[in-house]
Structures are given as structure tokens and as C-alpha cells.
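Position 34 (the sequence shown) corresponds to 34 in the numbering used here; numbering is contiguous.
Below is one structure, written out as C-alpha cells; comments come after it.
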Amino acid sequence: MSQSSTQPKVFVARQIFPEGLDRLQQFAQVDYNDHALALAPAALMERLKSADGALVTGSERIDAKALEFAKQLKVVSNIAVGFNNFDVQALTKKGILATNTPEVLTDTTADMGFMLLMAAARRLSESERWLRDGHWKNWSLGGMLGVDIHHSTIGIMGMGRIGQAIAKRALAFGMEVIYYNRSRLSPEIEQACQATYVSKEELLQRADHVMLVMPYVPENHHLIGTKELAMMKPTATLINIARGGIVDENALALALKNQMIFAAGLDVFEGEPDVNPRLLEVPNIVLAPHIGSATKKTRLAMMHLAIDNLIAGLKNQRPPNLINPDVWKMS
Ligand code: DGY
Numbered sequence: 001m002s003q004s005s006t007q008p009k010v011f012v013a014r015q016i017f018p019e020g021l022d023r024l025q026q027f028a029q030v031d032y033n034d035h036a037l038a039l040a041p042a043a044l045m046e047r048l049k050s051a052d053g054a055l056v057t058g059s060e061r062i063d064a065k066a067l068e069f070a071k072q073l074k075v076v077s078n079i080a081v082g083f084n085n086f087d088v089q090a091l092t093k094k095g096i097l098a099t100n101t102p103e104v105l106t107d108t109t110a111d112m113g114f115m116l117l118m119a120a121a122r123r124l125s126e127s128e129r130w131l132r133d134g135h136w137k138n139w140s141l142g143g144m145l146g147v148d149i150h151h152s153t154i155g156i157m158g159m160g161r162i163g164q165a166i167a168k169r170a171l172a173f174g175m176e177v178i179y180y181n182r183s184r185l186s187p188e189i190e191q192a193c194q195a196t197y198v199s200k201e202e203l204l205q206r207a208d209h210v211m212l213v214m215p216y217v218p219e220n221h222h223l224i225g226t227k228e229l230a231m232m233k234p235t236a237t238l239i240n241i242a243r244g245g246i247v248d249e250n251a252l253a254l255a256l257k258n259q260m261i262f263a264a265g266l267d268v269f270e271g272e273p274d275v276n277p278r279l280l281e282v283p284n285i286v287l288a289p290h291i292g293s294a295t296k297k298t299r300l301a302m303m304h305l306a307i308d309n310l311i312a313g314l315k316n317q318r319p320p321n322l323i324n325p326d327v328w329k330m331s
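This is the structure we're talking about:
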């Protein structure tokens with residue numbers, strides 16, 4: 001299809017599925033970074049210069065510096081629900097609409113949280129490594145003992161959509177659900193999740209499994225460190241499907257090494273894609289490369305929702321998932 005100069009200019013920061021590219025090319029002149037790797041900040045800044053809209057992922061940092069020369073940018077659409085890669089204040093100051101992709105990934109990500117919990121509690125990665133390394137000679141009564149999931153207590157920190165979906169899975173396992181959140185949920189939601197609101201300290205002390213699902217904001221930086229890990233039971237697991245910066249990884253590696261807690265499961269890392277080498281040294285941890293939402297169906301849905309948001313913004317319509325409504329009010 002020929003592209004006209006009256007079409008908006010859209011910058012796509014990373015490889016996307018072909019059907020997404022087709023959709024965008026029907027509507028815009030597309031500057032496509034056809035690579036799986038994120039661009040360096042200087043290259044990102046350069047490509048944003050002439051864009052009216054940008055489709056980015058959680059790995060592109062969109063801050064005041066990146067936006068310095070982006071004089072015509074109207075909308076930045078994240079293919080992610082988390083948007084800690086955005087400086088929302090800087091975007092709002094420049095009158096740029098910012099959007100994300102909630103809801104479409106809730107159940108897939110909740111499944112991932114539960115999978116990591118089960119794998120960590122039952123030592124799945126450790127057992128498989130041991131088997132592959134040829135150590136399995138006999139069945140033994142005391143071999144590879146884990147901790148139970150069913151009828152235990154799960155402590156969910158961050159009770160948004162994904163936290164609630166995890167709570168519902170936990171109920172099917174006969175678990176008691178306790179939660180901590182910035183604000184207490186309505187009685188209706190608490191009832192639906194059969195969840196009891198507790199303080200952060202009580203949650204850490206009582207939970208057999210601690211699940212982190214809160215957004216990464218500066219107040220949550222290293223929310224789980226040495227002090228918090230020391231409050232947990234020695235039989236407890238810690239699962240993080242939120243953002244790496246929420247956990248002090250050096251403190252966690254030490255706690256696992258000293259068996260201060262039983263095991264951990266991480267899908268997110270503070271310096272990802274680099275993984276803290278201390279985490280790689282401990283056996284009682286399950287590590288995944290940020291794949292919480294990674295099913296074909298869900299990633300396609302995220303991409304299409306992000307494109308819907310982008311196109312709406314460029315057509316001067318309110319995007320369905322607007323993060324900074326103040327920009328809309330100003331326009
Ligand atoms: C999200 O959607 O926030 C996932 O973590 C992917 O970045």
C-alpha cells in the first residue's frame with residue numbers, strides 16, 4: 001500500500017507481529033525498528049524526533065531526555081500494563097497522551113504467578129537440573145522435599161486485577177488469602193476473593209507464600225529487603241511477577257543461601273535482561289525471563305490494544321487506556 005505524506009508518522013520501537021505492522025501501515029507512515037533488541041537512548045531520541053505517535057515496550061525509557069526533540073509527538077503507547085518506563089509527568093508536561101494495556105493480560109500473568117509459586121515451593125527447577133545432571137539413582141522418602149501449596153496461606157502484596165485473579169486461583173487450592181494494598185478493597189471485592197486485609201508486617205509474618213504484584217513506583221523500591229525477609233517464615237516462598245526493583249536482590253540471594261526463607265520465584269529483575277549473579281548461585285530459586293504475559297494469544301491482544309490506543313490518540317479520540325487524563329482535559 002502506498003504511503004501518503006498526509007498520513008501520521010508512527011515510530012515502532014521494536015519488532016511486533018506482522019498483523020500489527022499491517023494495521024499500522026494502513027493508517028500511517030511507519031518507521032519500524034525491525035529488531036528484537038531495544039534501541040540505545042540516543043537512537044531512541046533520534047527516532048522520536050519526527051514521530052507523531054510511538055509504539056513502545058516496557059524496555060524503552062520515555063523520559064524528559066528522550067522527549068527533548070520530540071516536537072510533534074502526540075501519543076506514546078506502551079505494549080505493557082506496567083508503565084514505570086514512562087516519566088508520566090514529563091509526558092503530561094509536553095501534552096503527550098500516554099497509554100498502556102491493562103486487562104488483556106490479567107489471567108495469563110496470574111497463571112504465571114501461580115506457576116512460579118508451585119515450581120518454587122515444589123523445587124521443580126532444582127529437581128529437573130538434578131535429574132538432567134544424572135543424579136537420580138533411586139526414589140527416596142526424603143528426596144527433594146518441598147512445601148505445600150494447598151491449604152496454606154498466600155499473602156498477596158498488590159491487589160489490583162492480577163492480584164485478585166491470583167487470589168481466585170488460590171481459593172481453588174483451599175488456601176487462605178491475606179493481602180496488603182495501598183488502599184483497602186471494597187467489601188464486595190474482598191468477599192469475591194475471600195481475602196483479608198492485613199498490614200505489610202502481618203502479611204510477611206503469616207504468609208506461607210508471598211506474592212508480589214504491585215506496581216513499581218519510587219515508594220516500592222526495595223520494599224522487600226533484609227528486614228522484610230527476616231520477618232518471613234523459614235518455610236516461606238517469595239514470588240515476584242511485578243518489577244525487579246521491588247526486591248533487594250542481594251538481600252534475597254543471601255536469605256536463600258542462609259535458608260532464611262525456603263525458596264523464591266522471579267520473573268522480573270532489577271537490571272534485566274542482566275541477572276544479578278548472586279541469584280544464579282543459589283539453587284532454591286526459579287528464574288524466568290520476564291514472560292508473565294507471554295502466550296501468543298495474550299501478546300497479540302496486548303499488541304492490538306496498544307495499536308487501538310495509538311490510533312485513537314492520533315485521530316484525536318480519547319484512547320481507551322489513557323494513563324494521563326490531564327492531557328485529554330487540556331486539549
Ligand atoms: C507488563 O505488561 O507490564 C509486563 O510486565 C510486560 O512488560
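Note that CB positions come from ideal geometry on N, CA and C, so glycine has one too.
Shortest alpha-carbon distance to residue i belongs to which of the options?
i: Pro41; options: Asp22, Trp136 and Leu67; result: Leu67
i: Met331; options: Gly95, Glu219 and Pro319; result: Here residue 331 turns out to be Ser, not Met, going by the sequence shown. Of the listed residues, the one whose Cα sits closest to Ser331 is Gly95.
i: Pro234; options: Gln259, Ala242 and Asn240; result: Gln259
i: Gly245; options: Val76, Ala264 and Gly271; result: Gly271
i: His221; options: Val30, Ala167, Arg243 and Thr237; result: Arg243
i: Leu145; options: Ile189, Lys49, Leu124 and Ala301; result: Leu124
i: Leu44; options: Gln26, Gly134, Pro283 and Arg14; result: Arg14
i: Thr295; options: Thr109, Lys227 and Gly313; result: Thr109
On the CB-based measure, 16 or more other CB atoms within 10 Å of its CB, does residue i come out buried or exposed?
i: Gln317; result: exposed
i: Arg129; result: exposed
i: Met1; result: Because the pLDDT at Met1 is just 42, under 50, the model does not fix this residue reliably, and the point stays unresolved.
i: Val217; result: exposed
i: Ile154; result: buried
i: Asp274; result: exposed
i: Glu19; result: exposed
i: Ala36; result: exposed
i: Glu46; result: exposed
i: Arg184; result: exposed
i: Leu310; result: buried
i: Phe114; result: buried
i: His135; result: exposed
i: Gly143; result: exposed
i: Pro320; result: exposed
Under the three-state reduction of DSSP, which class applies to residue i: helix, strand or coil?
i: Glu249; result: helix
i: Ile285; result: strand
i: Ala54; result: strand
i: Ile162; result: helix
i: Val76; result: strand
i: Ser2; result: With a pLDDT of 47 at Ser2, under the threshold of 50, the modelled position of that residue is not reliable, and no figure is offered here.
i: Ala301; result: helix
i: Ala90; result: helix
i: Leu314; result: helix
i: Asn258; result: coil
i: Ala28; result: coil
i: Lys71; result: coil
Compute the distance between the beta-carbons of residue i and residue j, then report whether it is under 8 Å.
i: Ile162; j: Leu117; result: no
i: Ile241; j: Gly174; result: no
i: Phe262; j: Ala236; result: yes
i: Asp52; j: Gln72; result: yes
i: Gln205; j: Val177; result: no
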